[in-house]
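S.K.:
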Amino acid sequence: MCLSLYLEQKTEIGIGRIIALDEAHKYMSAADDPLTNTLLSTIHLQRHIGTRIFISTQEPTVSPKLLDLCSMTIVHRFSSPEWLKCLREHIAALSFADDSKNEIGKGKEGKVISDIVQLRAGEALLFAPEARIDGAADEVDGSGAGEGCEMRFEKLGMKYLKIKIRGRITEDGGKSVMAS
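Just add 41 to wherever you are in the sequence shown, counting from 1, and you've got our numbering.
Encoded structure:
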């Protein structure tokens, strides 16, 4: 209901909207429900209606239809083989994970699960096939002075990237740092 009201509101041209769902595992499930269906419809139209959706969850138990449409997945440390199995069904780079390197291979999951389990607080793996990475520079004028260099970015594709997330700023027990 609230989401529908939000989406009905007119926005200025060029101003997009963000729908952010935190702790989604607490109120969403794999079952079809009105919220999931509204989100799916919004995702299909996101470019046309200027809306982007962020879903944060501690468990990969939200609708598989939503997981299939994620263009970027950030995975923090976990050790559950069942969670890996669930994610493998929805993240292309995980479904073909190689045992020896972080790119497409024969379907072995040893390296990927090892990388996930060994993540420290503040670290995550990024799965985003369309992300542009590797800012290698190609010299276009031969000067060698850095001038005339052209940046070259490649798609992340079937690889994943270890990333650093900001440090924790909240305490256990629901206490948050508040402005004074």
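Every residue, glycine too, gets a C-beta built ideally from N, C-alpha and C.
From a predicted model like this one, the values you see are computed outputs, not experimental measurements.
Do Asp156 and Ala131 count as a contact pair if the criterion is CB distance below 7 Å?
M.R.: Rather than Ala, the amino acid found at residue 131 in this sequence is His. Their beta carbons are not under 7 Å apart, which means His131 does not touch Asp156 by this criterion.
S.K.: Applying the criterion that 16 or more other CB atoms from any shown protein chain within 10 Å of the CB defines a buried residue, is Phe95 buried or exposed?
M.R.: With fewer than 16 other Cβ atoms within 10 Å, it is exposed.
S.K.: State the DSSP-derived secondary structure class of Asp73, mapped to helix, strand or coil.
M.R.: Of the three classes helix, strand and coil, the one that applies to Asp73 here is coil, per DSSP.
S.K.: How would you write the range of the beta strand (DSSP E) that Ile60 sits in, first residue to last?
M.R.: Arg58 to Leu62 is the extent of the beta strand (DSSP E) around Ile60.
S.K.: What runs of the beta strand (DSSP E), each 3 residues or longer, lie entirely inside the stretch 79 to 110?
M.R.: With a minimum length of 3 residues, the continuous beta strand (DSSP E) runs that stay inside the stretch 79 to 110 are 92 to 96.
S.K.: Looking only at DSSP bridge pairs, what is Ile204 linked to?
M.R.: In DSSP, Ile204 forms a bridge with Ala165.
S.K.: What's the C-alpha gap between Ile90 and Thr77?
M.R.: Near 18 Å, if we compare the C-alpha coordinates of Thr77 and Ile90.
S.K.: Report the rounded CA-to-CA distance for Met230 versus Glu49, giving the unit in angstroms.
M.R.: Residue 230 is absent from the model: the chain starts at 42 and stops at 221.
S.K.: Here's a check: name, in chain order, each residue in its chain whose Cβ is nearer than 8 Å to the Cβ of Gly163, leaving out the five neighbours to either side.
M.R.: Once the five neighbours on either side are set aside, the close Cβ partners of Gly163 are Lys205, Ile206, Arg207, Gly208 and Arg209.
S.K.: Nearest by alpha-carbon distance to Arg173: which of Leu202, Lys152, Gln159 and Ile154 is it?
M.R.: With distances taken between Cα atoms, Arg173 lies closest to Leu202.
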